[in-house]
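*Asks:* Submitted below is the structure of interest, expressed as structure tokens.
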Amino acid sequence: MQAKNDKPQAPAKQPRKRIKRGQRSKRMYLLLAGCLFLCLLAVGAGFALNQFNRTLDIVTADPYKLPNQPVVEKPYEQKKSIAFVIVGVDTRKNIGMLNTDVLVVAVANPVTQKLSMVSLPRDTRVQIPGYPGYHKVNEVFALGENIRKDAEIRGKPVTENGMTMLKKTLNHMLGISVEHYVQLDFEGFTAVIDKLGGITVDVDRDLVYELPKQGVYRSLKKGKQVLNGEQALGFVRHRIDRRGDAYNSSDFDRNRRQQQVIRAVAEKSMSMDGLTSLTAVLDTVGQHIKTDLSKDQIKGLALDFASFSSSNMVTLDNGAIWSSPYSLWPRENMQAVRTALQTEVGVAGPSEQLSDAAVAEVAKVEMKAEKRTPATKPKSTTGAKEQPKAQKPATPSKPAPEPTQEPVTPPTVPDGNGEPNPGPTDSNMPPPDILAPPAPATDSADIGQTG
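Numbering-wise (our numbering), the sequence shown opens with residue 6 and increments by one.
Shown next, in the form of structure tokens:
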């Protein structure tokens with residue numbers, strides 16, 4: 006009985022003998038390869054994280070922080086929406102100007118993972134709180150920068166700049182607190198899209214336009230296609246078409262294309278593969294983007310919107326119409342935009358009276374009244390001419406030096422043709438409208454704008 010029982014025990018030891026040295030080595034190699042792969046991932050992720058942190062240090066160095074503002078690292082509040090304005094500026098040498106070419110107000114809601122956006126036509130009529138008169142919204146940043154430079158020249162405290170003035174103007178118009186900004190220049194726009202490998206866009210119609218290099222033209226054909234950085238910039242900014250006025254684009258066309266490109270960039274960013282592409286984009290971003298969002302806020306948004314897609318982007322319709330020399334919003338559209346943004350921010354309603362300078366029904370009445378007022382100006386000027394005749398011996402030489410000194414001290418802002426416009430004659434007042442002369446009624450789209 007024992008002999009019979011001993012025989013079955015031998016096969017039980019046989020599987021251990023079947024493990025050959027080659028098989029053990031193969032398993033060891035697979036284990037080592039797996040560990041090496043994980044190490045490479047860790048090193049790559051560490052490199053990307055280090056690059057990300059370095060980029061954040063550059064991006065969050067806010068050039069528009071007022072001297073009296075303390076440096077505060079704002080924490081990210083996971084359930085709180087963030088409202089910000091995307092500002093596109095042209096900083097290219099001998100081409101750029103202080104007027105903002107792209108303005109998009111957005112609210113990021115981390116709870117719903119929704120991004121609500123509204124594009125502002127550059128000629129939108131606005132009021133700047135604390136200053137009289139009306140301006141185009143794309144001039145506001147330049148006016149604030151002019152005031153900052155004027156204060157610096159006079160050795161006075163800087164209490165205003167382009168970004169602070171733009172924010173409070175938008176707050177006064179939309180009824181939300183636009184606390185933050187993201188500023189991108191055109192060189193960064195083209196570079197980021199090139200680093201992404203281009204973006205897929207459905208071009209609405211054939212376009213023929215001139216590049217900033219005079220005499221150099223490009224064309225885009227209608228249809229869905231992949232655009233590189235230069236083509237995407239031309240698509241967004243197209244206004245004057247070489248073929249004639251009938252082919253020109255309006256400011257409203259530009260707004261629609263801005264939304265298209267933002268969606269395309271979001272889609273491509275989410276589909277990016279490889280740490281190399283990620284770090285290349287981060288390196289480019291650091292050179293061309295500025296923001297007053299804190300590093301903690303940016304990291305928090307990146308994590309909460311990790312699964313974000315263009316389907317989560319909501320485009321609000323401003324319904325803008327042209328009424329020379331401004332773009333105006335119908336009251337219904339203005340109210341809808343305000344309500345949508347206030348809902349996303351979590352505000353029941355504005356605490357103060359909002360400006361209706363851009364509301365078509367209000368603006369048209371005010372603009373008609375403004376056209377009547379110049380009739381009284383010639384009377385006052387003729388009266389002014391008659392007074393010096395009776396006071397010739399009193400002050401013949403004093404008026405001469407005073408007007409020449411006042412326009413010299415304030416800084417000047419170049420217009421789209423590179424020619425300077427005079428600054429303010431009073432340090433407490435904004436400078437006159439830049440690129441906003443009384444436009445001829447015959448022109449029908451985007452009057453007073455360049456490029």
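Cβ coordinates follow ideal geometry from the N, Cα and C atoms, glycine included.
DSSP three-state label for A156, please.
*Replies:* Working through the sequence shown from its first residue, we reach residue 156 at position 151. Here DSSP, grouped into helix, strand and coil, assigns A156 to helix.
*Asks:* Under 8 Å by Cβ, that's how I've got V206 and A269 pegged, so tell me the actual separation to the nearest angstrom.
*Replies:* The count along the sequence shown starts at 1 and reaches residue 206 at position 201. The count along the sequence shown starts at 1 and reaches residue 269 at position 264. Yes, they are in contact, since the Cβ atoms of V206 and A269 sit about 5 Å apart, within 8 Å.
*Asks:* Just grab the DSSP bridge partners of N114 for me.
*Replies:* Here residue 114 corresponds to residue number 109 of the sequence shown, with the count starting at 1. Paired residue(s): K119.
*Asks:* Relative to the C-alpha of R247, which candidate in Y214, S299, I87, Y136 has its C-alpha closest?
*Replies:* Indexing the sequence shown from 1 puts residue 247 at position 242. Between R247 and the set Y214, S299, I87, Y136, the nearest pair of CA atoms involves Y214.
*Asks:* Taking the Cβ atom as the reference point for each residue, do D361 and A353 lie within a distance shorter than 9 Å?
*Replies:* Working through the sequence shown from its first residue, we reach residue 361 at position 356. Working through the sequence shown from its first residue, we reach residue 353 at position 348. Their beta carbons are not under 9 Å apart, which means D361 does not touch A353 by this criterion.
*Asks:* Taking the C-alpha atoms as reference points, what is the distance between G228 and R210?
*Replies:* By 1-based counting over the sequence shown, the position of residue 228 is 223. By 1-based counting over the sequence shown, the position of residue 210 is 205. Taking the straight line joining both Cα atoms gives about 7 Å.
*Asks:* Looking only at its own chain, which residues have a Cβ that is under 8 Å from the Cβ of V221, when we skip the five neighbours before and after it?
*Replies:* For this step, residue 221 is matched to residue 216 along the sequence shown. For V221, where only same-chain residues beyond five positions count, the Cβ hits under 8 Å are E215.
*Asks:* Which residue's Cα is closest to the Cα of Y331: E78, R127, A66, A374?
*Replies:* Here residue 331 refers to the residue found at position 326 when the sequence shown is read from its first residue. Among E78, R127, A66, A374, the Cα nearest to that of Y331 belongs to R127.
*Asks:* Looking only at DSSP bridge pairs, what is H295 linked to?
*Replies:* In the sequence shown, the residue the question calls residue 295 occupies position 290. According to the sequence displayed, residue 295 carries Lys and not His. For K295, which the question treats as bridged, DSSP gives the partners Q188.
*Asks:* Excluding sequence positions up to five away, which residues of its chain have a Cβ less than 7 Å from the Cβ of M178?
*Replies:* Looking up residue 178 in the sequence shown gives position 173. So the list reads V131, L359, S360, A363, once near-sequence residues are dropped.
*Asks:* Is P134 buried or exposed, if buried means 16 or more other CB atoms sit within 10 Å of its CB?
*Replies:* Along the sequence shown, one-based indexing puts residue 134 at 129. By the neighbour-count rule (16 or more Cβ atoms within 10 Å), P134 is not buried but exposed.
*Asks:* Keeping to the same chain, check which residues put their C-beta closer than 6 Å to that of T174; ignore five residues upstream and five downstream.
*Replies:* Within the sequence shown, numbered from 1, the residue matching residue 174 stands at position 169. V131, I133, V145, listed in sequence order.
*Asks:* Just to confirm, is the Cβ distance from L298 to T129 under 9 Å?
*Replies:* Start at 1 with the first residue of the sequence shown, and residue 298 comes out as number 293. Start at 1 with the first residue of the sequence shown, and residue 129 comes out as number 124. Contact flag unset, no.
*Asks:* Beta-carbon within less than 7 Å of H243's beta-carbon, same chain only, minus the 5 sequence neighbours each way: which residues are those?
*Replies:* Position 238 of the sequence shown, counting from 1, holds the residue named residue 243. Answer for H243: L212, Y214, S254, listed in chain order.
*Asks:* Report yes if the CB atom of V94 is closer than 9 Å to the CB atom of D155, and no otherwise.
*Replies:* If you number the sequence shown from 1, residue 94 lands on position 89. If you number the sequence shown from 1, residue 155 lands on position 150. For the pair V94 and D155, the CB atoms are not nearer than the 9 Å cut-off.
*Asks:* How long is the line joining the alpha carbons of G351 and G305, rounded to whole angstroms?
*Replies:* Position 346 of the sequence shown, counted from the first residue, corresponds to residue 351. Position 300 of the sequence shown, counted from the first residue, corresponds to residue 305. Approximately 19 Å between the Cα atoms of the pair.
*Asks:* Taking the alpha carbon of A341 as the point to measure from, which residue in F257, E82, G180 has its own alpha carbon closest?
*Replies:* As a position in the sequence shown, residue 341 is number 336, starting the count at 1. Answer by Cα proximity: G180.
*Asks:* Pick helix, strand or coil for K141, following the three-state DSSP scheme.
*Replies:* For the purposes of this step, residue 141 is taken as residue 136 along the sequence shown, with counting starting at 1. Strand at K141.
*Asks:* Apart from the five residues just before and just after M168, which ones in its own chain have a Cβ nearer than 6 Å to its Cβ?
*Replies:* Reading the sequence shown from its first residue, position 163 is the one you call residue 168. Hits under 6 Å: Y69, Y186.
*Asks:* Kindly give me the distance between the Cβ atoms of L321 and S121, rounded to whole angstroms, as I take these residues to be in contact under 8 Å.
*Replies:* In the sequence shown, counting from the first residue as 1, residue 321 sits at position 316. In the sequence shown, counting from the first residue as 1, residue 121 sits at position 116. Contact flag correct, Cβ pair sits at about 6 Å.
*Asks:* Between the alpha carbons of I77 and D301, how many angstroms are there, rounded?
*Replies:* By one-based count along the sequence shown, residue 77 stands at place 72. By one-based count along the sequence shown, residue 301 stands at place 296. Reading off the sequence, residue 77 comes out as Val, not Ile. Rounded to whole angstroms, V77 to D301 spans 11 Å at the Cα level.
*Asks:* Please classify D246: does DSSP put it in a helix, a strand, or coil?
*Replies:* On the sequence shown, position 241 is the one that residue 246 refers to. Three-state DSSP puts D246 in coil, outside helix and strand.
*Asks:* Could you spell out where the alpha helix (DSSP H) holding E371 opens and where it closes?
*Replies:* Within the sequence shown, numbered from 1, the residue matching residue 371 stands at position 366. Counting along the chain, the alpha helix (DSSP H) containing E371 begins and ends at 365-377.
*Asks:* How about T289 and K200: do their beta carbons lie closer than 9 Å?
*Replies:* To locate residue 289, count along the sequence shown from 1; it is residue 284. To locate residue 200, count along the sequence shown from 1; it is residue 195. It is a contact, given that the beta carbons lie within the stated cut-off.
*Asks:* Assuming V116 contacts V90 (C-beta within less than 8 Å), just tell me the rounded distance between them.
*Replies:* Numbered from 1 along the sequence shown, position 111 holds the residue referred to as residue 116. Numbered from 1 along the sequence shown, position 85 holds the residue referred to as residue 90. Wrong, their Cβ atoms sit about 21 Å apart, outside the cutoff.
*Asks:* Excluding the 5 residues preceding and the 5 following L232 in the sequence, name in chain order all residues of the same chain whose CB lies nearer than 7 Å to its CB.
*Replies:* In the sequence shown, residue 232 corresponds to position 227, counting from 1. Cβ neighbours of L232 beyond the five flanking positions: G203, I204, V206, F240.
*Asks:* Let me know the secondary structure DSSP gives D301 once reduced to three states.
*Replies:* One-based indexing of the sequence shown puts residue 301 at position 296. Looking at D301 - three-state DSSP - the assignment turns out to be helix.
*Asks:* From P162, Y139, N317, A311, pick the residue whose C-alpha is nearest to that of E371; which is it?
*Replies:* Numbered from its first residue, the sequence shown carries residue 371 at position 366. Minimum Cα distance to E371 is reached at Y139.
*Asks:* What number of angstroms, rounded off, separates the C-alpha of Q264 from the C-alpha of Q74?
*Replies:* Translated into the one-based positions of the sequence shown, residue 264 becomes position 259. Translated into the one-based positions of the sequence shown, residue 74 becomes position 69. About 34 Å.
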